[in-house]
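Have a look at the structure below before the remarks.
Numbering (the working numbering), first residue to last: 1 to 326.
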């Protein structure tokens, strides 16, 4: 990645120009950097980044909801790793008074993903038992917050012992520590009948076993492939080949015979469903006002240290969210 200076364009009709104060970092950004993100394949070269916060600098014709000086946060179809973003009002919200810019930049992708996964793809019921992989990461933490708010029992899986208290604090009823425990043995002991809902962003390393631990009628939700990435930050073609052949293919006869569901989704394809998208965010902000969404663990990096932030996320040692401060 390189930091470049580009000409500043005035906001067009219906656009808002935001002076960015912070931008969130996601695994999708790493996938974009490596050229592996399908939604970006026709857009290179591009600036990564899906979420940001800042202050409105100016507005284009027709904008009434936002004024210069407003504190805001929002999403962007790439381009959020920037000091200035031009966006539309459908992708922008007023920053709650008790939030700082870091929290605003860390909120949208994790919580929109988690809410959509649980309530729209996963059809969450109050009595569902749920297993969450990568439970101390950004989306994992958001999932646990929302499950606790909904009253569900949940098992949170973490890959490092030091992450156990973070998953427990986020709301996991049980935390499975893969450094100290055998994952599926512990999962079976806690819920011998299986799980109604399993959320998996690991990919090939756990998908098959996740599917095998669903109850009849259970749902497996796939929203990422973290185990595909190398901790070196570079493409490992042998690992990618292994990953491809290791990824399970789900038999439709077995799916119908067990009444199970396997679903995958990518949040970015919801950006154009403007009314639906905003309805989800309004529900999330309502939960926050009701004090049901604790603050996400955060670590910030200076904008110029974006490479170090990506390396940290790829290492698997981080918890919560990482943000860049401009």
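The beta carbon of each residue, even a glycine, is placed where N, CA and C say it ideally should be.
Within 8 Å, strictly: CB atoms of residue i and residue j
i: residue 11; j: residue 60; result: yes
i: residue 55; j: residue 84; result: no
i: residue 138; j: residue 117; result: no
i: residue 148; j: residue 122; result: no
i: residue 222; j: residue 264; result: yes
i: residue 57; j: residue 326; result: no
i: residue 3; j: residue 322; result: no
i: residue 247; j: residue 203; result: yes
i: residue 101; j: residue 224; result: no
i: residue 189; j: residue 86; result: no
i: residue 294; j: residue 145; result: yes
i: residue 157; j: residue 131; result: yes
i: residue 306; j: residue 287; result: no
Candidates the options, of which the one nearest residue i by Cα
i: residue 254; options: 182, 268, 218, 303; result: 218
i: residue 88; options: 271, 298, 321, 308; result: 271
i: residue 274; options: 102, 90, 177; result: 90
i: residue 216; options: 29, 318, 310, 129; result: 129
i: residue 53; options: 312, 99, 212, 104; result: 104
i: residue 183; options: 162, 64, 209; result: 209
i: residue 266; options: 301, 5, 37; result: 37
i: residue 126; options: 151, 119, 143, 112; result: 151
Simplified DSSP assignment, three categories, for residue i
i: residue 16; result: strand
i: residue 259; result: coil
i: residue 311; result: helix
i: residue 37; result: coil
i: residue 279; result: helix
i: residue 284; result: helix
i: residue 246; result: helix
i: residue 292; result: coil
i: residue 22; result: strand
i: residue 131; result: strand
i: residue 318; result: coil
i: residue 44; result: coil
i: residue 273; result: coil
Other residues of its chain near residue i: CB distance less than 7 Å, five sequence neighbours each side excluded
i: residue 206; result: 133, 200
i: residue 47; result: 78, 79, 81, 82
i: residue 92; result: 16, 66, 72, 74
i: residue 214; result: 194, 195, 198, 220, 260
i: residue 95; result: 53, 71, 72, 73, 104
Beta-carbon proximity list for residue i, same chain, < 8 Å, skipping 5 on both sides
i: residue 320; result: 106, 136, 137, 138, 141, 166, 296, 297, 298, 299
i: residue 29; result: 48, 49, 50, 81, 310
i: residue 283; result: 115
i: residue 285; result: 93, 96
Cβ shell of residue i (< 6 Å), same chain only, five flanking positions each side left out
i: residue 173; result: 153, 154
i: residue 211; result: 220
i: residue 292; result: 149
i: residue 13; result: 60, 61, 62
i: residue 178; result: 159
i: residue 32; result: 40, 48
i: residue 108; result: 51, 75
CB contact below 8 Å: residue i versus chain D
i: residue 107; result: Among the chains of the structure shown, chain D does not appear; only one protein chain is present.
Quiz prompt | In chain order, each alpha helix (DSSP H) run of at least 4 residues that lies wholly inside the stretch 135-206 | solution = 138-150, 164-170, 183-190
Quiz item: Going along the chain, which unbroken runs of the beta strand (DSSP E) with 3 or more residues stay wholly within the stretch 60-84?
Solution: 71-75
Self-check item: Continuous beta strand (DSSP E) assignments of at least 3 residues falling wholly in the stretch 82-110
Solution: 84-88, 92-94
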